[in-house]
Amino acid sequence: MTSEVSIYRHFGDQTQFAIVCAHEPFGSEPRHVFGRMCIRAGDKVLGDFDEPACMLNVTASHLQAVLEHLPQMDCTLFQEQSDALSWDLIDKALYLDDDRSTEEVVADSKRFSRYDFLTNGGESFDNSKSFIVRDGGSVRLLFKRGDDALESMKVEVGTFCAVVRGFLDWVDQGGK
């Protein structure tokens, strides 16, 4: 499938924190936005911008849920916790198979699912797993691509929300 990229956009400052996307129109429903996207902070990149024809509405719905859960994410559990320890705690609770009972798995899912970021959040993020934790006035995005090393991005809550809202508004307007 080939198409021309009609609109290239970025929301935020790519050296600090930004959502980078491109709209690839396919003549579908006007509310369905197909394209490419990734999240950047300097040389750190979450998502595969080279993955074409992703339905960006899927990612938008995940990001909308993150904004809704953000006030409940300010958890002392992650304050002053290293990226690796935060990752291990969330990953174990949500994804690792261990000897927990069904009741424990359900309880962990209820407690920790709000920290899932864009794992299964659209085709651009298929090859990654990511979590978000809030430390007071900032959020940390923790992510791995395949077997790569753990990476993180730290951004002020206000900046994070403004960038995400800019992207959500763009998707709501049909990528225009």
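Basically my numbering = 1-based index in the sequence shown + 553.
Every residue gets a Cβ at the ideal spot worked out from N, C-alpha and C, and that includes glycine.
What you are looking at is a predicted structure, and each value in this text was computed from that prediction instead of being measured.
query: Residue nearest to E601 in terms of C-alpha spacing, selected from K697, V686, A715; result: Note that residue 601 corresponds to Asp in the displayed sequence, not to Glu. The residue with the shortest Cα to Cα distance from D601 is K697.
query: Separation of Y668 from F684, as counted between CA atoms; result: 5 Å
query: Runs of beta strand (DSSP E) lying entirely within the region 562 to 597, each at least 3 residues, in chain order; result: 570 to 576, 587 to 594
query: First through last residue of the alpha helix (DSSP H) which encompasses R718; result: 710 to 725
query: Span of the alpha helix (DSSP H), counted from its first residue to its last, around S654; result: Unbroken run through S654: none, as it is neither H nor E.
query: Inter-residue spacing [alpha-carbon to alpha-carbon] between Q569 and F670; result: 18 Å
query: Check whether R628 and R589 have beta carbons under 8 Å apart; result: Here residue 628 is Cys; the residue named in the question, Arg, does not match the sequence. The answer is no: Cβ separation not under 8 Å.
query: Residue interval of the beta strand (DSSP E) (run including S691); result: 691 to 698
query: DSSP state of G600 mapped onto helix, strand, coil; result: coil
query: Integer-rounded CB distance, given that F587 should sit under 8 Å from G719; result: In fact, because the Cβ distance is near 19 Å, the residues do not count as touching under 8 Å.
query: E621 (DSSP reduced to helix, strand or coil); result: helix
query: C-alpha distance - S654 paired with S666, whole-angstrom precision; result: 17 Å
query: Any 3 or more C-beta pairs closer than 8 Å across the region 607 to 614 and the region 671 to 679; result: yes
query: Burial state of G728 (16 or more Cβ within 10 Å); result: buried
query: Residues near S662 by beta carbon distance below 7 Å, same chain, minus five either side; result: L647
query: Close-in-space but distant-in-sequence residues of the same chain around K682 (CB under 8 Å, 5 per side omitted); result: D644, Y648, T672, F696, K697
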